[in-house]
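Scroll down for the structure; my scribbles are underneath it.
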Amino acid sequence: METLKQAVRTYADRHANGDGLAFTPVPGLRMMRVTAPAGELHSIYRPLVCFILQGAKDLTVGLERQVLRGGQSVIVGADMPVVGRIVEAAPASPYLAVAVELDAALLRELSAHLGDAPRRAARTPTLFVQDTDAATLDCARRLMALLDRPEAAPLLAPAIRRELHYWLLAGRHGAALRALTAPDGQAGRLSRAIAVLRADYRTRIPVERLADAAGMSLTAFHGHFKRMTSLTPGQYQKRLRLIEARRLMQDQGLAAGVAAFEVGYESPSQFTRDYGRLFGLSPKQDALRARGAG
């Protein structure tokens with residue numbers, strides 16, 4: 011654990027953005043280092059497992075909320091809106107975490123080797139918290155080690171990620187993960203609609219197209235989508251637009267008006283209003299805050 015903590019500190023010190031988030035060249039691997047409690051950070055997570063190494067974070071995923079502490083792992087099993095808030099961090103003891111995105115196709119492939127499919131539940135949770143086990147943590151450590159051996163990453167990372175997926179399926183929440191990724195299950199069907207939203211969020215998407223992608227009636231689709239994500243399809247698309255606009259402004263330096271246009275907004279004033287409601291600051295104020303934090 012200490013080796014992994016030091017690796018996260020070292021890499022994040024060089025590469026983290028204003029929110030403390032650092033992406034890496036290893037596909038699906040990212041980390042966070044934050045030195046003081048911070049306000050809410052809105053995201054839409056793809057399925058992932060996150061290892062909390064130090065500190066604590068208050069995390070709301072859809073309708074579920076947990077406080078995560080060092081030594082715990084959280085699995086998010088679907089494309090979900092997330093609100094995170096660091097609640098325990100200090101310069102001498104920062105909040106440290108490593109996350110690895112999960113591959114639903116790989117989970118389905120491995121599930122086929124694990125025997126009978128689990129029974130479907132009326133509602134499958136999408137957020138799972140557990141004490142971190144040695145096998146999954148070792149996979150995270152080996153993925154992090156590839157940052158120092160970039161020539162090896164394309165060859166070794168897929169095998170390590172495959173092993174990580176196996177240990178998650180074999181673990182305490184494996185049955186629920188299998189249910190979430192089953193292609194004919196409710197979450198699996200909704201994921202097809204979410205894939206459409208992610209691909210075409212810049213354009214107006216008829217809800218009939220989304221319901222058709224999920225293989226559901228309009229009424230059933232609206233109900234199931236809201237129950238899983240806590241948002242309507244329109245709210246989910248707006249969240250995608252605003253989060254991407256924020257990234258464009260902070261990572262690429264785009265002006266607010268340009269970023270708004272890039273993500274599909276036609277009215278700059280509407281963009282500013284929506285941005286303030288979600289992030290609590292105007293686009294200009296948020297950009298200035300991020301530059302000061304960086």
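Here our numbering is used: the first residue of the sequence shown is 11, the next is one more, and so on. Even for Gly, the Cβ is constructed at its ideal location relative to N, Cα and C. Here the structure is a predicted model, which means the values were calculated and not measured.
What span of residues does the beta strand (DSSP E) with E74 cover, start to end?
In the sequence shown, residue 74 corresponds to position 64, counting from 1. E74 -> beta strand (DSSP E) spans E74 to R79.
Whole-angstrom distance between L220 and V206, CA atom to CA atom:
As a position in the sequence shown, residue 206 is number 196, starting the count at 1. As a position in the sequence shown, residue 220 is number 210, starting the count at 1. Computed Cα separation, rounded: 7 Å.
Distance between A102 and A224 (C-alpha atoms, nearest Å)
Counting from one through the sequence shown, the residue named residue 224 turns up at place 214. Counting from one through the sequence shown, the residue named residue 102 turns up at place 92. Cα to Cα, A224 sits roughly 48 Å from A102.
Check each candidate in Q260, P168, T45 and E74 and name the one with the smallest Cα separation from A100.
Translated into positions along the sequence shown, residue 100 becomes position 90. When each option's Cα is compared against that of A100, the closest is T45.
Quick one: using the 10 Å Cβ neighbour count with 16 as the cut-off for buried, is H175 buried or exposed?
Counting from 1 along the sequence shown, the entry for residue 175 is found at position 165. H175 is buried by the Cβ-count criterion.
What do you get for K67, buried or exposed, if any count of 16 or more other CB atoms within 10 angstroms of its CB means buried?
Locating residue 67 in the sequence shown gives position 57, counting from the first residue. Buried: at least 16 other Cβ atoms inside 10 Å.
Would you call the segment 52–64 and the segment 11–28 in contact, with 3 or more CB pairs under 8 Å?
yes
According to the Cβ coordinates, are T87 and L187 closer than 8 Å?
Stepping through the sequence shown from its first residue, residue 87 is reached at position 77. Stepping through the sequence shown from its first residue, residue 187 is reached at position 177. As written in the sequence, residue 87 is Gly, which differs from the Thr given in the question. Yes.
Taking only three categories from DSSP, how would you classify R249?
As a position in the sequence shown, residue 249 is number 239, starting the count at 1. In the structure shown, R249 sits in a helix (DSSP, three-state: H, G or I).
I need the straight-line Cα distance from L39 to D148, nearest angstrom please.
The residue labelled residue 39 in the question sits at position 29 within the sequence shown. The residue labelled residue 148 in the question sits at position 138 within the sequence shown. Cα to Cα, L39 sits roughly 14 Å from D148.
By the three-class DSSP mapping on this structure, what secondary structure does A99 have?
For the purposes of this step, residue 99 is taken as residue 89 along the sequence shown, with counting starting at 1. Coil at A99, not helix or strand.
Which of the three DSSP states is assigned to R118 in this structure?
Reading the sequence shown from its first residue, position 108 is the one you call residue 118. Correct three-state label for R118: helix.
So for M259, helix, strand or coil by DSSP?
The sequence position of residue 259 within the sequence shown is 249, counting from 1. It is helical.
Neighbourhood of R152 by C-beta, 6 Å cutoff - its chain only, sequence neighbours within 5 removed
The residue labelled residue 152 in the question sits at position 142 within the sequence shown. Correct list, in chain order: I170.
Which residue from I85, L112, D261 and L69 puts its Cα closest to that of V97?
Position 87 of the sequence shown, counted from the start, is the residue given in the question as residue 97. Minimum Cα distance to V97 is reached at L69.
Neighbourhood of D29 by C-beta, 7 Å cutoff - its chain only, sequence neighbours within 5 removed
Residue numbering aside, residue 29 sits at position 19 when the sequence shown is read from its first letter. L51.
Using 8 Å as the threshold, is the C-beta distance between L250 and R208 below it?
The residue given as residue 250 occupies position 240 in the sequence shown. The residue given as residue 208 occupies position 198 in the sequence shown. A contact, by the Cβ cut-off of 8 Å.
Would you mind giving the Cβ-Cβ distance between R199 and M238, rounded to the nearest angstrom? I have them listed as a contact below 8 Å.
For the purposes of this step, residue 199 is identified with residue 189 of the sequence shown, where counting begins at 1. For the purposes of this step, residue 238 is identified with residue 228 of the sequence shown, where counting begins at 1. Actually they do not touch by this definition, with Cβ atoms about 10 Å apart.
Beta carbon of C60, beta carbon of A115: below 8 Å?
Start at 1 with the first residue of the sequence shown, and residue 60 comes out as number 50. Start at 1 with the first residue of the sequence shown, and residue 115 comes out as number 105. Cβ distance not < 8 Å, so C60 and A115 don't count as in contact.
Enclosing alpha helix (DSSP H) for R188 [first to last residue]
On the sequence shown, position 178 is the one that residue 188 refers to. Where R188 is concerned, the enclosing alpha helix (DSSP H) stretches over G184 to T191.
Which same chain residues end up closer than 7 Å to H234 when comparing Cβ atoms and leaving out the 5 residues on each side of it in sequence?
Here residue 234 is taken as the residue at index 224 of the sequence shown, counted from 1. Answer for H234: Q196, L200 and M226, listed in chain order.
Opening and closing residue of the alpha helix (DSSP H) in which V217 lies:
By one-based count along the sequence shown, residue 217 stands at place 207. Here the alpha helix (DSSP H) through V217 covers V217 to A224.
According to DSSP, simplified to helix, strand and coil, what is E12?
The count along the sequence shown starts at 1 and reaches residue 12 at position 2. Correct three-state label for E12: helix.
Out of A185, I54 and R172, state which residue places its alpha-carbon closest to the alpha-carbon of R256.
To locate residue 256, count along the sequence shown from 1; it is residue 246. Residue I54 is the option with its Cα nearest to R256.
Taking just the CA atoms, how far does F138 sit from S121?
If you number the sequence shown from 1, residue 121 lands on position 111. If you number the sequence shown from 1, residue 138 lands on position 128. Straight-line Cα distance between these residues: approximately 18 Å.
Considering just the uninterrupted stretch of the beta strand (DSSP E) at Y105, what are its terminal residues?
Indexing the sequence shown from 1 puts residue 105 at position 95. Segment Y105 to E111, the beta strand (DSSP E) holding Y105.
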